[in-house]
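Asker: Please see the structure below; I have some questions.
Number of protein chains: 2
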Amino acid sequence: MFSKACEYGIKASIFIALNSYESNRVSLKAIAKEIDSPEAFTAKILQDLARHGIINSVKGAYGGFEIDKHAIASIKLSQIVNAIDGDSIYKGCGLGLHTCDELHPCPVHDKFKTVRDELKFMLENTNLEELALDIKSGVSFLKT
Amino acid sequence: MFSKACEYGIKASIFIALNSYESNRVSLKAIAKEIDSPEAFTAKILQDLARHGIINSVKGAYGGFEIDKHAIASIKLSQIVNAIDGDSIYKGCGLGLHTCDELHPCPVHDKFKTVRDELKFMLENTNLEELALDIKSGVSFLKT
DNA sequence: TATAAATAGGATAAAACTATCCGAATACAA
DNA sequence: TTGTATTCGGATAGTTTTATCCTATTTATA
Ligand code: FES
Ligand code: FES
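Residue numbers (the working numbering), protein chains in the order written: chain E, 1 to 144; chain W, 1001 to 1144.
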């Protein structure tokens, strides 16, 4: 469904958010360990998220990644997915037609659109805060 | 969402079904042209579908691909997706955890599962016949 | 200022997916 | 029986995604 890069990006964002509540900046190494991802690859994804303004990166000693505490609740899953995988999952045709067009629909258009719209709604209405809180309370997990 | 191979597989199956109602066997060349796909790659996918018993292939002159007329209505989209892409889209964790487990859920489990289950339901309750009929009546299209 | 701890970013490699090529096998028809 | 149309299947090539490596740059602290 999502690319590996996107999966790592979502998990990393949650972990960073969690720590940002405590004003703890987290290092690449700590992130990769916590979400069980390859370090260098994760670095690229974090750079991407930083360029998109979703997370902040701080270079140098005592540097790392963080998210503005007050922004966490307003960051939607859709922003992360969009930054990494683009918008084809929302807008693209399920059967690969050049565009998804109501006036020139593919055979699964009506049925597929329903699912796709629900996914879109879910991503646009889920924020980092609620996901981070579930990790904190031990209700959900980032690895294994 | 689906792989290119899967998209081609679905479109090819619909086109074969459509022709099988008229007892017309269709060649690889005709299929690739109709669904706008690369011929040799499409051949591999058709072989795969044939091995899974979803379509029948007939070698030699006047050969080609066909589907038993009476089976068309009972072939579900899920069978095609499963044959080509496997079942990870139904069963896999949205964030790539080793398994999707209610007892050890990832942060998006509850929300993702709803969408995934709806996709599953859609694929399991859509058959080749209805899709072929929409093409026949000009309501939907296989390319462009 | 020197050192150490970090991220940034370019180059490269490995793996997966998509696509192509070509000879072998098969089956129909003249 | 021979020729032709067709799928089958192995080998190969191209592209994208995933992953790694190494050097440059930045920043806090001693
Ligand atoms: S045209 Fe295919 S999903 Fe809309
Ligand atoms: S554990 Fe991730 S979707 Fe169920």
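Virtual Cβ for every residue (Gly too), placed ideally from N, Cα, C.
Count the other C-beta atoms from every protein chain shown that fall within 10 angstroms of the C-beta of residue 1038(W), then say buried if there are 16 or more, exposed otherwise.
Answerer: Under this definition residue 1038(W) is an exposed residue.
Asker: Report yes if the C-beta of residue 1108(W) is less than 7 angstroms from at least one heavy atom of ligand 1; otherwise report no.
Answerer: No, Cβ of residue 1108(W) sits at least 7 angstroms from all heavy atoms of ligand 1.
Asker: Compare the C-beta of residue 140(E) against all C-beta atoms of chain W and say whether one is closer than 8 angstroms.
Answerer: Closer than 8 angstroms to some Cβ of chain W, the Cβ of residue 140(E) qualifies, so yes.
Asker: For the segment 1040-1060 of chain W against the segment 1078-1096 of chain W, are there 3 or more C-beta pairs whose distance is under 8 angstroms?
Answerer: Result yes; three or more Cβ-Cβ pairs closer than 8 angstroms.
Asker: Could you check whether residue 97(E) and residue 1144(W) sit closer than 8 angstroms to each other, using their CB atoms as the reference points?
Answerer: Yes.
Asker: Measuring only between beta-carbons, confirm whether residue 1091(W) sits less than 8 angstroms from chain E.
Answerer: No, no contact with chain E.
Asker: Spatial neighbours of residue 9(E) within its chain, please: C-beta separation below 7 angstroms, excluding the five flanking residues on both sides.
Answerer: If we look at residue 9(E) and ignore the five residues flanking it on each side, its Cβ neighbours are 45, 49, 80 and 84.
Asker: Would you say the segment 106-115 of chain E touches the segment 1134-1142 of chain W, given that touching needs at least three Cβ pairs under 8 angstroms?
Answerer: Touching, yes, given that three or more Cβ pairs across the two stretches are closer than 8 angstroms.
Asker: Nearest by alpha-carbon distance to residue 12(E): which of 1072(W), 1121(W) and 1095(W) is it?
Answerer: With distances taken between Cα atoms, residue 12(E) lies closest to 1095(W).
Asker: Would the segment 1062-1069 of chain W and the segment 1109-1124 of chain W be scored as touching if the rule is three or more Cβ pairs under 8 angstroms?
Answerer: Segments in contact, no.
Asker: Any chance the CB of residue 101(E) is under 7 angstroms from a heavy atom of ligand 1?
Answerer: Yes, Cβ of residue 101(E) sits closer than 7 angstroms to a heavy atom of ligand 1.
Asker: Which residues in chain W sit within 7 angstroms of residue 134(E), going by Cβ to Cβ distance?
Answerer: Chain W residues near residue 134(E): 1107.
Asker: What does the alpha-carbon distance come out to for the pair residue 1025(W) and residue 1005(W)?
Answerer: One C-alpha to the other measures close to 22 angstroms.
Asker: Does the beta-carbon of residue 112(E), which I'm using as the reference point, lie nearer than 7 angstroms to any heavy atom of ligand 1?
Answerer: Answer for residue 112(E): yes, Cβ within range of ligand 1.
Asker: Look at residue 76(E) and residue 18(E) and say whether their C-beta atoms are less than 8 angstroms apart.
Answerer: No, they are not a contact pair.
Asker: Does residue 73(E) pass the burial test, meaning 16 or more other C-beta atoms within 10 Å, or should it be called exposed?
Answerer: Answer is exposed; the Cβ neighbour count stays below 16.
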